[in-house]
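Since the structure comes first, as structure tokens, the remarks are kept for the end.
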Amino acid sequence: MSQDGLSRRDFGLIAGAAGLGATVLGGCSGAATAGRQVAAARTWRTTGTALAGLGGFDTAVKAFMQKRGIPAGQLAVVRKGRLVLARGYTWADAATPATQPTSLFRIASVSKPITATAVQRLIQDGRLKPTDRVATLLGLSTAADPRLKDVTVLRLLQHLGGWDRDISPDLMWQDAEIAKRLGLPLPIKHADIMRYASTRKLDHAPGTHYAYANYGYMLLGRIIEKASRQSYGSYVQAKVLAPRGIKRMRLGRTLSRAPGEVGYHSQFTGRTVMDNTGKTVASPYGSFSLENHDAQGGWLSTAVDLVRFAGIYDGGTSVLNTTSINRAFAKPQTGVNANGWYYGCGWMVRPMKTGRNTWHDGSQPGTSALLVRRYDGTTYAVLFDQRDDPSKLSYSDIDPALYNAANAVRTWPTGNLYSRYF
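Quick note on our numbering: the sequence shown kicks off at -15 and runs consecutively.
This is the structure:
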């Protein structure tokens, strides 16, 4: 998504998505592929429906997947509230089941707008305040760094809490180290990560420096549980997804697949963090704990359900009111880039001449995801079951490819496919 020739990739390379896992895991090497091996002789298959005049989207995704050898992909496109494209794409051997528009994918950090929406709903209902202190809400010790008292709910939403993975390792990818330090067996839990984090100093004073922090969004998940008196997943299902008619989305599992969920592929392996065996596993299946990543990177979704979720921010729904939506896109106290974009509450935001572009990307071993809301009423979500391959081509290139495909549409179709994909 560009303005004055600047791409959203500029933001993505700095802000990242759900973990930069291949670099954090450290011990990854080899050429393992999760699940069944994809045979050399691949066939291209497309499922679902695209209304007239939208062939450029199919062309863009096909070229992207074939150049990188991605087995499964999915795309949904909305124009001014109407679903106009819902596709599943397969580039694999003929024996591999075709990806459907209803297949579930891990969405990595595209989970963050979902978590932020749940927090906004709690604020809207008077059960939280943006100024509430996180240490007080969660009973976190501030002995190691009294500045932790100044971390608020709003600062977590805007990545202004003071944790900086460019200075200290990302706490959400340090399971083995945390277990060692605390003398615990693997797998560790949310409470263990929080206890360990509270023994360390912040990298910045809260509110003074933007730094993308997966840990902050994990904390928001625990705050949702505290304020709602429900599990994180149950509250999101009831207050965010159900009002939009979204029934397929659910929290994923590290070592098992939900019905209809795709498999995940990576050229890398790593040591498991799911037990103490130290065994080498395919990176998507145990080199990180999807359960611990829940609020910051643990959801499964279809592309159709993601664009349906994004419609909350178009207004006129029972989930968020105008005040909450405006808060989501408001400029933070710091962190506005010289090129004009910034991180709001769960969304990256770029003001345009008319309206704004808002988006979030996601990346984990075996997963690449992107959700975009354009200034002109076009929304799309694209999901892949792979984020790395021997080609070393950028996966963020899908961003301008789809943006350009949308720009090339001269006349948007007037139909609506939503009724087919409930």
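Backbone N, C-alpha and C fix where the C-beta goes; we use that ideal spot for every residue, glycine too.
Sort the options by Cα distance to residue i and report the nearest one.
| i | options | result |
| --- | --- | --- |
| Trp147 | Ile207, Ser182 and Ser125 | Ser182 |
| Gly328 | Arg139, Asp289 and Thr286 | Arg139 |
| Leu158 | Leu69, Met258 and Ile107 | A quick correction: the sequence has Gln, not Leu, at residue 158. Nearest C-alpha to Gln158: Met258. |
| Lys231 | Met156, Val265, Gly262 and Thr286 | Thr286 |
| Pro153 | Lys185, Tyr269, Leu141 and Asp129 | Lys185 |
| Asp187 | Leu141, Leu235, Lys173 and Val135 | Val135 |
| Ser375 | Phe48, Gly65 and Arg241 | Phe48 |
| Arg228 | Arg311, Val288, Ala279 and Ile177 | Val288 |
| Ile172 | Leu274, Tyr201, Ala102 and Ala211 | Leu274 |
| His249 | Arg71, Leu69 and Phe89 | Phe89 |
| Thr99 | Trp75, Ala242, Phe406 and Trp331 | Trp331 |
| Ile107 | Lys210, Ser347 and Leu290 | Lys210 |
| Trp396 | Asp373, Thr362 and Val366 | Thr362 |
| Ala222 | Gly350, Pro169 and Thr101 | Thr101 |
| Thr261 | Leu304, Leu170 and Pro335 | Leu170 |
| Gly346 | Thr33, Thr120 and Tyr379 | Tyr379 |
| Leu204 | Thr80, Lys113 and Leu401 | Lys113 |
| Thr83 | Gly39, Thr33 and Thr115 | Thr33 |
| Ala195 | Leu38, Pro316 and Tyr359 | Pro316 |
| Leu290 | Ser212, Val366, Val393 and Thr192 | Val366 |
| Asn276 | Thr238, Pro335 and Arg117 | Thr238 |
| Ala266 | Arg334, Gly350, Gly339 and Thr126 | Gly350 |
| Thr338 | Tyr359, Val320 and Asn323 | Tyr359 |
Look at the alpha carbon of residue i and the alpha carbon of residue j, and state the distance between them as a whole number of angstroms.
| i | j | result |
| --- | --- | --- |
| Ala36 | Gly254 | 45 Å |
| Ala175 | Trp283 | 20 Å |
| Val61 | Arg179 | 42 Å |
| Gln251 | Arg149 | 24 Å |
| Met233 | Tyr364 | 17 Å |
| Ile296 | Pro97 | 11 Å |
| Tyr219 | Phe368 | 27 Å |
| Leu386 | Phe41 | 6 Å |
| Gln214 | Ile54 | 38 Å |
| Arg111 | Thr306 | 18 Å |
| Tyr216 | Leu141 | 16 Å |
| Gly281 | Ala92 | 4 Å |
| Gly399 | Arg66 | 7 Å |
| Leu377 | Arg52 | 7 Å |
| Ala314 | Val137 | 15 Å |
| Pro85 | Arg292 | 13 Å |
| Ser240 | Asp298 | 35 Å |
| Trp407 | Tyr326 | Since the first residue shown for the chain is -15 and the last is 406, residue 407 is missing from the structure and cannot be characterised. |
| Asp77 | Arg26 | 4 Å |
| Tyr201 | Gln50 | 34 Å |
| Ala226 | Phe406 | 12 Å |
| Leu235 | Ala56 | 20 Å |
| Asn388 | Gly39 | 12 Å |
| Gln58 | Ser352 | 11 Å |
| Ser125 | Met336 | 42 Å |
On the criterion of 16 or more Cβ atoms from any shown chain inside 10 Å, does residue i qualify as buried, or is it exposed?
| i | result |
| --- | --- |
| Trp28 | exposed |
| Asp109 | exposed |
| Ile151 | exposed |
| Gln348 | buried |
| Asn341 | buried |
| Phe272 | buried |
| Leu130 | Position check: residue 130 holds Pro in this sequence, whereas Leu was assumed. It is exposed - the Cβ of Pro130 has fewer than 16 other Cβ atoms within 10 Å. |
| Arg334 | buried |
| Ser302 | exposed |
| Pro243 | exposed |
Assuming the contact rule is C-beta atoms closer than 8 Å, residue i and residue j should be a hit. Round their C-beta distance to whole Å, please.
| i | j | result |
| --- | --- | --- |
| Tyr199 | Leu144 | The Cβ separation is near 13 Å, so there is no contact. |
| Leu132 | Arg206 | Going by Cβ atoms, the distance from Leu132 to Arg206 rounds to 15 Å, so no, they are not a contact pair. |
| Arg371 | Ala294 | About 22 Å separates the two Cβ atoms, so there is no contact after all. |
| Thr256 | Gly270 | 4 Å |
| Ser95 | Ala279 | 7 Å |
| Arg71 | Thr31 | 7 Å |
| Leu355 | Ile382 | Not confirmed; about 12 Å, so no contact. |
| Ile208 | Val103 | 6 Å |
| Val68 | Leu401 | 7 Å |
| Arg105 | Val224 | 7 Å |
| His193 | Thr318 | 7 Å |
Residue ranges of each alpha helix (DSSP H) within the segment 147 to 197, 4 or longer: 159 to 166 and 174 to 181
Contained beta strand (DSSP E) runs [length at least 3] in the segment 54 to 115, N- to C-terminal order: 56 to 63 and 66 to 76
Minimum length 4: unbroken alpha helix (DSSP H) runs contained in the segment 197 to 234: 198 to 212 and 216 to 220
Sequence ranges, alpha helix (DSSP H) only - wholly within the segment 289 to 359, length at least 4: 306 to 313
Length at least 3, wholly inside the segment 237 to 266: the beta strand (DSSP E) runs in chain order: 253 to 255 and 264 to 266
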